[in-house]
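Asks: Converting from the sequence shown to our numbering requires adding 6 to each position, the first position being numbered 1. Just so it is clear, CB atoms sit at the ideal spot from N, CA and C, and this is done for glycine as well. No experiment lies behind these values; they were computed from the predicted model shown.
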Amino acid sequence: MKGTFPVEKFQKMETPFYYYDTNILRETLKCINEEAGKYNNFCVHYAVKSNANDKVLKIIREAGLGVDCVSGGEIRAAINAGFPANKIVYAGVGKSDWEINLGLEKNIFCFNVESIPELEIINELAAAQNKVAQVCFRINPNVGAHTHANITTGLAENKFGIAMEDMEKVIALAAQLSNIEFIGLHFHIGSQILEMGDFVALCNRINELQEQLAKAHIKVKHINVGGGLGIDYQHPNKQPIPNFKDYFATYAKHLKLNDDQYLHFELGRAVTGQCGTLITKTLYVKQGTHKQFCIVDAGMTDLIRPALYQAFHKIENISSEEPMETYDVVGPICESSDVFVKAFDLNKCHRGDLIALRSAGAYGEIMASGYNCRQLPEGYITEDFA
Ligand code: LLP
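Right under this line is the structure:
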């Protein structure tokens, strides 16, 4: 089955563009709130990096989620969309002074600190503003995840976080810095994770670290386990809403928390992935020696995931019901990697047919570039076609 799209209305639009199905987005948010709401100390933040379209951000803000930002630009985008600053967590290995200053000025909830030099600078800048910065330390748990190598983050070889063996030393240092308040620990092992066992491994590691800290009489009020829950790219219609029930239940079951501790999540892809589709138009159908190409007007500049991570996005010809034929679907960019899919079956394509690249709501529009002097794609929501 194909997704349901207002095809006639799409035909009048300039392509390529992103389309966000706000019914799916709202259902997804409702499910998150219901499932996380079963546990009274769970706080869900939305990872803005996955999609910062302002219309999408507003809907997420209306659902009451907090936000996870990784740059000053994202802090601004979140505040412009109406997220309260006291629900903003801010991570990143390389925070510039102006970004730290912005976070301090806005009184964000927490800086997720990734190194000692960064901690010292935050302390200095906070002193200059006469403020105390709340910090969590991002600990590299050395836990692998069954996902693409480019999107695992929790191994010792990755650039992220503070090594486990340095944890107590860093917490002790924070206690000496007068403009720093240590409030918790932050983790993130990777993205597009579908095996709950990976999250269980993270829980086990956090339990060990918490035991170690309890012995040293160190109090940890907040635990932030990052994001990472994956989506079903093969079957966007069968499973438009990720399995939040199992995801939150896994943490509730395996992570040992005290009654006065809060557990934070930073979900990106699982929130926005399935509601988004890249709509593009067939420019030409070209017969190659051994195959046929469907050449579309969107390229890797609009959706880079297939070129960068060999990611699969389900593709549909939403203008045709003709029998299936096999195509390589390619873009117009002057790069051999500008291929969306190889040897894929689509209803027979003609010039002008609309092609939908599904599950593109996360890390799609936001990763678009102007390479080849191309225009950035627009993003529209269901209400824009009412
Ligand atoms: N928290 C931290 C610290 C992160 O680094 C990330 C993602 C998230 C939360 C959100 O993760 P999610 O729930 O979306 O998996 N561009 C890549 C994904 C990069 C993810 C980077 N970090 C892609 O298109 O697959």
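Look up residue 292 in the DSSP assignment and say whether it is helix, strand or coil.
Replies: In this structure, residue 292 counts as strand in the three-state DSSP scheme.
Asks: Confirm the yes/no value for this check: CB of residue 74, any heavy atom of the ligand LLP, distance under 8 Å.
Replies: Because some heavy atom of the ligand LLP lies under 8 Å away, the Cβ of residue 74 counts as near it: yes.
Asks: Which runs of the beta strand (DSSP E) at least 3 residues long sit entirely within the stretch 197-282? Give them in chain order.
Replies: Within the stretch 197-282, the complete beta strand (DSSP E) runs of at least 3 residues are 228-230, 268-273.
Asks: In the DSSP assignment, find the alpha helix (DSSP H) that holds residue 103 and state where it starts and stops.
Replies: Note, residue 103: alpha helix (DSSP H), 103-111.
Asks: Under 7 Å Cβ to Cβ from residue 12, same chain only, skipping five residues before and after it: list those, please.
Replies: For residue 12, where only same-chain residues beyond five positions count, the Cβ hits under 7 Å are 391.
Asks: Which residues mark the beginning and the end of the alpha helix (DSSP H) in which residue 37 is found?
Replies: Run containing residue 37: 28-42, per the alpha helix (DSSP H) assignment.
Asks: Return the CA-CA distance between residue 324 and residue 177, expressed in angstroms with no decimal places.
Replies: Rounded to whole angstroms, residue 324 to residue 177 spans 55 Å at the Cα level.
Asks: Which residues in the same chain as residue 35 place their Cβ atom closer than 6 Å to its Cβ, once the five residues preceding and following it in sequence are excluded?
Replies: Cβ neighbours of residue 35 beyond the five flanking positions: 69.
Asks: Please say whether residue 236 and residue 200 have beta carbons closer to each other than 9 Å?
Replies: Their beta carbons are under 9 Å apart, which means residue 200 touches residue 236 by this criterion.
Asks: Apart from the five residues just before and just after residue 285, which ones in its own chain have a Cβ nearer than 7 Å to its Cβ?
Replies: Correct list, in chain order: 16, 21, 22, 23, 25, 360, 362.
Asks: What I want to know is whether the C-beta of residue 55 ends up closer than 8 Å to one or more non-hydrogen atoms of the ligand LLP.
Replies: Checking every heavy atom of the ligand LLP against the Cβ of residue 55, one is found closer than 8 Å.
Asks: Would residue 37 and residue 250 be called neighbours here (beta carbons separated by less than 9 Å)?
Replies: Yes, Cβ-Cβ distance for residue 37 and residue 250 is below 9 Å.
Asks: Return the residue from the list 231, 344, 59 that minimises the CA-CA distance to residue 28.
Replies: Checked all of 231, 344, 59; the closest Cα to residue 28 is 59.
Asks: Report yes if the CB atom of residue 81 is closer than 9 Å to the CB atom of residue 63, and no otherwise.
Replies: Cβ distance not < 9 Å, so residue 81 and residue 63 don't count as in contact.
Asks: May I ask you to report which of helix, strand or coil DSSP gives residue 72?
Replies: Three-state DSSP puts residue 72 in a strand.
Asks: If the criterion is Cβ atoms closer than 9 Å, does the pair residue 143 and residue 167 meet it?
Replies: Yes, Cβ-Cβ distance for residue 143 and residue 167 is below 9 Å.
Asks: Would you list the one or two residues that DSSP bridges to residue 187?
Replies: 140, per the DSSP bridge assignment.
Asks: Just how far apart, CA to CA, sit residue 1 and residue 282?
Replies: Past the boundaries of the shown model lies residue 1; the chain is included only from 7 to 392, so the question cannot be answered.
Asks: At a threshold of 8 Å, does residue 276 count as lining the ligand LLP (C-beta to nearest heavy atom)?
Replies: Residue 276: yes, Cβ under 8 Å from the ligand LLP.
Asks: Just to confirm, is the Cβ distance from residue 253 to residue 269 under 9 Å?
Replies: No, these two residues do not count as a Cβ contact at 9 Å.
Asks: At the level of alpha carbons, what is the spacing between residue 220 and residue 207?
Replies: Roughly 20 Å separates the two Cα atoms.
Asks: When the Cα atoms are used, what is the spatial distance from residue 279 to residue 368?
Replies: Those two C-alpha atoms are separated by around 4 Å.
Asks: Are the beta-carbon atoms belonging to residue 52 and residue 263 less than 9 Å from one another?
Replies: No; because the gap between Cβ atoms is not below 9 Å, this pair is not in contact.
Asks: Report the partner residues of residue 287 according to the DSSP bridge assignment.
Replies: In DSSP, residue 287 forms a bridge with 360.
Asks: According to DSSP, is residue 320 helix, strand or coil?
Replies: Looking at residue 320 - three-state DSSP - the assignment turns out to be coil, as it is neither helix nor strand.
Asks: Helix, strand or coil: how does DSSP classify residue 5 here?
Replies: No statement about residue 5 is possible, as the shown extent of the chain runs from 7 to 392 and does not include it.
Asks: Taking the continuous beta strand (DSSP E) assigned at residue 298, which residues delimit it?
Replies: Segment 298-302, the beta strand (DSSP E) holding residue 298.
Asks: Less than 8 Å separating the Cβ of residue 199 from some heavy atom of the ligand LLP?
Replies: Yes, the ligand LLP has a heavy atom inside 8 Å of this Cβ.
Asks: Going by CA-CA distance only, name the one from 130, 300, 307, 241 that's closest to residue 318.
Replies: Ranking the options by Cα distance to residue 318, first place goes to 241.
Asks: Using 8 Å for Cβ pairs, my map puts residue 307 next to residue 365. What's the rounded Cβ distance?
Replies: Actually they do not touch by this definition, with Cβ atoms about 19 Å apart.
Asks: Who are residue 385's beta bridge partners in DSSP?
Replies: Answer by DSSP bridge pairing, in chain order: 24.
Asks: What is the DSSP secondary structure of residue 16, counted as helix, strand or coil?
Replies: Helix.
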